[in-house]
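Residue numbers for the sequence shown, in UniProt numbering: 1 to 443. Virtual Cβ for every residue (Gly too), placed ideally from N, Cα, C. This report concerns only the one structure given below.
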Amino acid sequence: MATESQLLAARPDDMVALGDDFHRSAQRYTDAADEIDKAAARFAEQNEGSAVEGIASAVQAYAKSLRARVPELEQASRLMRDYGHDVREIQVKYRSAKADLETAEAHYATNNSLHEKALDVVQGGLGVLGGILDAVGADGAAEDLRNTERALRAAEQAVDDAQARVDALLARYSEITETFSNTLAGIDFVYAVARRDLDDPGLTEDSGLTWKDFWEKPLFGTDGVPDIDDVSQGGVGDCYFLSAIIAILNMPGGPEKIRDMIERNPDGTFTVHFADGDVTVDGEIAVDASGNGGYAHTSDERGYWVAILEKAFAQRGGSYPDISGGFPDQALSEAFGVDIGSHGHDAGDVRDLADQVSQGQPAAVAVDLHDLDPASFPDEGANHALTVVGTYESNGVRYFVLRNPWNAQNYQGHAPGGREVDYGSTLTLTEDELEQLAYATYY
């Protein structure tokens, strides 16, 4: 049976809106099938009698498969709209029943108190009955006793009436929550009817990860807003892509740009609007044994939007191994439509980098982690991308604030010159330190 928290947390307006989305999807399927049929007819006419004429039949079969889904989507649309209206009505009834129940319980408590007082009066009256008979005569005492008994019966009746009302309201409670439970089951059915299971990009070798559907969870976590702290790199070497995401978030209007890039579809999928083309993936995320994202990390608080962007990027590239290794400027251009250049790391480049960051422009640097932490990275060539998220001056010294897409703590290393730093999440370097550490800048 549904709980009170489930009932009151349900959002009927969203259910109705989702029903509208199902209807629009059905219309898109129909329109697409019509266009495919027209194209197939033109193709068959242009290639009549040739070896490729049969291709038109295969294309028409695909259009037929699209149309076959339309009745399911329309059914899902009707059901979801109805469920939205039902849930709204149930919530109104539930709140009304709860208010009535609280009133009845208070009334019951009051009358029960009167009942107990009446009992005390009767018991006390019986105890002094002899004295009353002697003092006022038998007739007067009998009348007083009858009045007391009538008061007692009235109190008992009031208690019984209040209890009956409480029982009736509790039964109404049960009926309402049972109806809501049935509605929830119906909503699950709608999701199951409309859900699409798309092919997933290939995983990295020996990853040990499995696929888990996240579609019904809040995409952007508890606060509903994409944030730099949501980005946390996992078991694939796509630091350049995640650094590009951080760079976008650090720009004015960046969070809104990210939100607009990810379209939630009513059939259990997401369409990601990359600058060089749309990619649609289902809501399954590759997870570790704990059930959290094994590549871009996920959590209930932070959501899983980064993992969806990463999955779409992997689908676009072919697989997760195929997106291991790259450059921030390339990712910013192809995925987000933001063009920046690749530069060196001398004093002039670093000063220009500071100017760009001060103007709110995206920027990143590439470093060799061997130079930061040779104990953990004994070999040269441990290349890694960091996002430049800020710059400031103090006592005549220019500082750069860098963001590591690992978003992790307790990674101890040393900046050029020997200063101890924790570089797992946020790393602050002087202009001279950055000039020595970076081997490329992107702005």
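Here the alpha carbons of A32 and E433 stand approximately 57 Å from one another. Cβ contact annotation for Y399 (same chain, cutoff 8 Å, sequence separation greater than five): T391, Y392, E393, T428, L429, T430 and E431, in chain order. G234 is the residue among D161, G234, T30 and M15 whose C-alpha sits nearest the C-alpha of S207. Sequence-distant Cβ neighbours of L372 in its own chain, meaning closer than 8 Å and more than five residues away, are G413, H414, A415, V421, Y423 and L437. Of all alpha-carbon atoms in T204, V388, V16 and D267, the one lying nearest the alpha-carbon of H85 is that of V16. Listed in chain order, the alpha helix (DSSP H) elements of length 4 or more contained wholly in the stretch 4–62 are 4–9 and 12–46. In this structure, Y94 and L66 do not form a Cβ contact; the two beta carbons are roughly 41 Å apart against a cut-off of 8 Å. If one requires a minimum length of 3 residues, the beta strand (DSSP E) runs lying completely within the stretch 294–377 are 364–368, in chain order.
Just so you know, the alpha carbons of N111 and S174 end up roughly 25 Å apart. Annotation for R264: the continuous beta strand (DSSP E) segment containing it runs I262 to R264. Rounded to whole angstroms, the Cβ separation of H345 and Y439 is 6 Å, and the two are in contact under 8 Å. Closest in alpha carbon position to I36, among A109, W305, E45 and K64, is K64. For A289, no alpha helix (DSSP H) encloses it, and the DSSP letter there is neither H nor E. In the three-state reduction of the DSSP assignment, G277 falls in the strand class. In this structure, the straight-line span from the alpha carbon of S50 to that of L198 is close to 34 Å. Ranked by Cα distance from V279, the first of A335, G326 and G253 is A335. Counted as a single uninterrupted DSSP element, the beta strand (DSSP E) harbouring L386 occupies residues N383 to S394. Remark: C-beta atoms of Y411 and P328 do not approach each other more closely than 8 Å.
Taken through DSSP and simplified to helix, strand or coil, F270 comes out as strand. A straight-line Cα-Cα distance of about 38 Å links L309 and V397. Residues F241, I323 and A335 of the same chain have their beta carbon placed closer than 7 Å to that of F313, with the five preceding and five following residues left out of the count. If you check the CB distance, L219 and I262 come in under 8 Å.
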